[in-house]
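Participant: Heads up: the sequence lines are chains A, B, C and D, in that order.
Under the numbering used here, think of the first position of the first sequence as 1, with each following residue one higher.
Under the numbering used here, think of the first position of the second sequence as 1001, with each following residue one higher.
Under the numbering used here, think of the first position of the third sequence as 2001, with each following residue one higher.
Under the numbering used here, think of the first position of the fourth sequence as 3001, with each following residue one higher.
Backbone N, C-alpha and C fix where the C-beta goes; we use that ideal spot for every residue, glycine too.
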Amino acid sequence: MAHEQVPETVKDVQVADGTAVVTLTGEVDMSNSPGVHQTLVEILQNRPDRLLIDLGEVSYMDSSGVGVLVDALRRMRVTGGKLGLIAVTPRVKSVLQITKLDQFFEIFPTRDEAMAR
Amino acid sequence: MAHEQVPETVKDVQVADGTAVVTLTGEVDMSNSPGVHQTLVEILQNRPDRLLIDLGEVSYMDSSGVGVLVDALRRMRVTGGKLGLIAVTPRVKSVLQITKLDQFFEIFPTRDEAMAR
Amino acid sequence: MSKQTGCRKRALRPCVRLTMPSMPRYLAMIRAAVGCLAGQEGFSDETIDQCVLATDEALSNVIKHGYACSPDGGIEVILRPICRAGRTGLVILILDRGRDTNPTRIGGRDLCDLRPGGLGVHIIRSVMDKVQYRRRGGGGMLLRMVKFKDSASARPDSSGSSRLASGTN
Amino acid sequence: MSKQTGCRKRALRPCVRLTMPSMPRYLAMIRAAVGCLAGQEGFSDETIDQCVLATDEALSNVIKHGYACSPDGGIEVILRPICRAGRTGLVILILDRGRDTNPTRIGGRDLCDLRPGGLGVHIIRSVMDKVQYRRRGGGGMLLRMVKFKDSASARPDSSGSSRLASGTN
Ligand SMILES: Nc1ncnc2c1ncn2[C@@H]1O[C@H](COP(=O)(O)OP(=O)(O)O)[C@@H](O)[C@H]1O
Ligand SMILES: Nc1ncnc2c1ncn2[C@@H]1O[C@H](COP(=O)(O)OP(=O)(O)O)[C@@H](O)[C@H]1O
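(1) By the three-class DSSP mapping on this structure, what secondary structure does B:K1100 have?
(2) So C:V2127 packs on C:Q2040, CB below 8 Å; how close in whole Å?
(3) Are any of the Cβ atoms in chain C nearer than 8 Å to that of A:M30?
(4) Have a look at B:S1094 and D:R3134 and give me their C-alpha separation to the nearest angstrom.
(5) Tell me whether D:D3045 sits in a helix, a strand or coil according to DSSP, three-state version.
(6) Beta-carbon within less than 8 Å of C:T2019's beta-carbon, same chain only, minus the 5 sequence neighbours each way: which residues are those?
(7) Can you list the residues of chain D that C:C2051 reaches, using a CB-CB cut of under 7 Å?
(8) My output table needs one value for C:C2083: the three-state DSSP class, helix, strand or coil.
(9) Tell me the DSSP secondary structure of D:P3211 in three-state form.
(10) C:E2057 by DSSP, collapsed to three states: which one?
(11) Distance check for B:I1086 and C:A2068, CA to CA, integer angstroms please.
(12) Closer than 8 Å, CB to CB, is D:S3070 near chain B or not?
(13) Per DSSP, what kind of secondary structure is D:Q3040 in: helix, strand or coil?
(14) Can a CB atom of chain C be found closer than 8 Å to the CB of D:V3121?
(15) On the three-state DSSP scale, how would you describe C:Y2133?
(16) Say the cut is 7 Å; is the CB of C:M2141 nearer than that to a heavy atom of ligand 1?
(17) Are the CB atoms of C:R2122 and A:T99 nearer to each other than 8 Å?
(18) Do A:H37 and ligand 1 come close, with the Cβ less than 7 Å from some heavy atom?
(19) Mind listing the chain B neighbours of D:P3024? Cutoff is C-beta to C-beta under 7 Å, in chain order.
(20) Quick one: what's got a C-beta closer than 8 Å to B:R1117's C-beta in the same chain, skipping five residues either side?
(21) Any idea which residues DSSP pairs A:Y60 with across the strands?
(22) Name the chain D residues that come within less than 7 Å of C:C2036, Cβ to Cβ?
(23) What is the rounded straight-line gap between the Cα of A:Q45 and the Cα of A:R75?
(24) Could you tell me which residues DSSP pairs with C:M2020 in its beta bridges?
(25) Distance cutoff 8 Å, beta carbons only. Does D:R3008 sit that close to anything in chain B?
(26) Using a Cβ-Cβ cut-off of 8 Å, state whether B:G1084 counts as contacting chain D.
(27) For A:A16, list the residues DSSP reports as bridge partners.
(28) Is the segment 2083-2101 of chain C touching the segment 2024-2042 of chain C, taking contact as three or more C-beta pairs under 8 Å?
(29) Does the Cβ-Cβ distance between A:V21 and A:D54 come in under 8 Å?
(30) Out of A:M30, A:T25, A:G81, which one is the CA nearest neighbour of A:T89?
(31) Using a beta-carbon distance cut-off of less than 7 Å, what residues from the segment 1096-1115 of chain B approach chain D?
(32) Which residue wins for smallest C-alpha separation from D:D3113, given the options B:E1106, B:L1073, B:K1082?
(33) Taking only the alpha-carbon atoms, compute the straight-line gap between B:P1048 and C:M2023 and give it to the nearest angstrom.
(34) For C:R2136, does the count of other Cβ atoms within 10 angstroms reach 16, so buried, or fall short, so exposed?
(35) What residues come near ligand 1, if near means a beta carbon less than 6 Å from any of its heavy atoms?
(36) Say whether chain B places a C-beta atom closer than 8 Å to the C-beta of D:I3063.
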């Protein structure tokens, strides 16, 4: 978003068997969270059964990033789908805890564990 | 130097069999290079045969740090001792190259290789 | 440099001033600067994270609410290490010339509601030891935040086991 | 934010201003800020390192020579992304109110000599694409440095294989 050589925050999107896996990377803040939001909205237009967001490479997230996760969760609930977060780093987890949103998300330590469900 | 909880730049000093091994860590700049200089001067007062400076954990060094290395080299030469640098990171090596000082230092990839000499 | 250590040398700890345009792309740079300075003051990783997060949230709010996302505003961040009653801390001031608001109306919302938005002020108040909004003479807002190094950190209502929420340094 | 990408949007790339006291302890913070900003401009790791190193050397010189190591001076660093003839770059200005010098007398020494000191200006001129010292009206010096993103980097007289010395991005 910000510049061509800056690594994109949305690193990868995989869709298979009704499950979409989105891998984010780097620092998620107001400069790139609208782009992440846009990506998720587009993915959800295909109404996947499950959306998994891999946060293992996300070193920082502020409330604008958390807001994107919350918005995705609400959209999944409307269509009856499930949302899971993968490999939430301690720093990102803290932000979810401070905002008391950790209770709303299903969190998996690894991608394999998320896929096994 | 700067503050009690900031990791000291001189992480470790070991002297045995006429060889002094000094391990530096972090970023070496004008805020801490005088402290490093002081430490080296004190060590050299005991006239070791060899001074090895381990730079493996030094992520940044500016000309004030390079100046400290050059000063140590000059002092070692006066007393007929040897100075070697260990595990010089690419970033630090570049500064030595730009200042054309790499030619003056004996550089060892690892501590073991330095000790084996 | 050793002269600067310790509390009595307050005169030798003047402030650092960072001025950025009201554009989100500069948030990362300010975070890097705040993190580095808090680290040098000897703050724990948790406390550093808290200063960084609060600054980011406050700047984002200035961009959104103070400048309505227009990129041509200016925001000033002033960082000042302090020592009060034997406690080392960092004062973070955020000044803008955007639209001002009644400080009493800047507050966190009820978190039971699952919806995006309305989280920033709650985060700021949770992680910082002192938070004070003021209208500036001449227009715009001034936010003064203080974080102490040995701070008990997140307010008791935040769960205590997390990296940012826990204040044990 | 996508509006900011590309060269024509120069008006949307205003400057960032950092003001620090003339104390070495603040060098790390400025390095962090410069590194972050250069990274966001899409500079390669090598070019980022060069901008950071040159800024650090220039600030160290202001502290040493401009302010004679007195801690009560102020130093301003202005960072401005630019676009000239299709080349993206970063302008780094360093302003002080210390003792001024004839710019022609600020030069690197002969490097054949093995001695500490006298390396900073050589480094600055080696790693930056443009370097210009000027006396400021009202006292003090202004240093203007430019680094281009696709810069051929270190001058031909520096060996090319190293991280900082090589400019291949
Ligand atoms: N810098 C500011 N200037 C004006 N109003 C602000 C400022 N910061 C916060 N506010 C007010 O406080 C409210 C809560 O802010 P916040 O918790 O960050 O949530 P959000 O920004 O998502 O609305 C905002 O909606 C706004 O009305
Ligand atoms: N900001 C400055 N103000 C005044 N003089 C300067 C400044 N920067 C450099 N100089 C002059 O240029 C010389 C070379 O600087 P440098 O290469 O950094 O080596 P050193 O600082 O070790 O002398 C200095 O000795 C000084 O005379």
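Facilitator: This is what the structure holds:
(1) Reduced to three states, the DSSP call for B:K1100 is coil.
(2) So it is not a contact: roughly 19 Å between Cβ atoms.
(3) Taking CB atoms only, A:M30 has a neighbour in chain C less than 8 Å away.
(4) Using only the alpha carbons, I get a separation of about 28 Å.
(5) Correct three-state label for D:D3045: helix.
(6) Only G2074, I2075, E2076, V2077 meet the Cβ criterion.
(7) Going along chain D, no residue has its Cβ under 7 Å from C:C2051, so there is no contact; the nearest lies around 13 Å.
(8) Looking at C:C2083 - three-state DSSP - the assignment turns out to be strand.
(9) Beyond the ends of chain D as shown, which are 3001 and 3169, falls residue 3211 of chain D; an answer cannot be given.
(10) For C:E2057, the three-state secondary structure derived from DSSP is helix.
(11) When rounded, the distance between both Cα atoms is 54 Å.
(12) No, because no Cβ of chain B sits closer than 8 Å to the Cβ of D:S3070.
(13) Reduced to three states, the DSSP call for D:Q3040 is helix.
(14) Not an interface residue.
(15) C:Y2133: strand per DSSP, three-state reduction.
(16) Correct: C:M2141 has its Cβ closer than 7 Å to ligand 1.
(17) Per the sequence shown, residue 2122 of chain C should be read as His rather than Arg. Against a cut-off of 8 Å, the Cβ pair of A:T99 and C:H2122 comes out as a contact.
(18) The closest heavy atom of ligand 1 lies 7 Å or more from the beta carbon of A:H37.
(19) One finds D1029, M1030, S1031 in chain B with Cβ atoms closer than 7 Å to the Cβ of D:P3024, taken in chain order.
(20) Scanning its chain for C-beta atoms nearer than 8 Å, with the 5 sequence neighbours on each side dropped, one finds around B:R1117 the residues G1084, F1108, in chain order.
(21) A:Y60 pairs with A:E27.
(22) Under the 7 Å cutoff, chain D gives A3028, M3029, A3032.
(23) Taking the CA atoms as reference points, A:Q45 sits about 10 Å from A:R75.
(24) Note: C:M2020 sits in a beta bridge opposite C:I2075.
(25) Reliability fails at D:R3008, whose pLDDT of 48 lies under 50, so the model's placement of it is uncertain and the value that follows must be treated cautiously. No, D:R3008 lies away from the interface with chain B (no Cβ there is under 8 Å from its Cβ).
(26) False, the Cβ-Cβ gap to chain D never drops below 8 Å.
(27) Looking at the DSSP output, A:A16 bridges to A:T19.
(28) A contact exists between the segment 2083-2101 of chain C and the segment 2024-2042 of chain C.
(29) By the CB criterion at 8 Å, A:V21 and A:D54 fall inside the cutoff.
(30) For A:T89, the nearest C-alpha among the options comes from A:T25.
(31) Against chain D - using a Cβ distance shorter than 7 Å - the residues of the segment 1096-1115 of chain B are Q1097, I1098, T1099, K1100, F1104.
(32) With distances taken between CA atoms, D:D3113 lies nearest to B:L1073 out of B:E1106, B:L1073, B:K1082.
(33) Taken atom to atom, the span from the alpha-carbon of B:P1048 to that of C:M2023 is near 56 Å.
(34) Under the 10 Å beta carbon count, C:R2136 is surrounded by fewer than 16 other beta carbons and is classified as exposed.
(35) Cβ-based neighbours of ligand 1 within the cut-off: C:N2061, C:V2062, C:K2064, C:H2065, C:G2066, C:T2101, C:I2106, C:G2108, C:G2117, C:G2118, C:L2119, C:G2120, C:V2121, C:H2122, C:M2141.
(36) Yes, D:I3063 lies at the interface with chain B (some Cβ there is under 8 Å from its Cβ).
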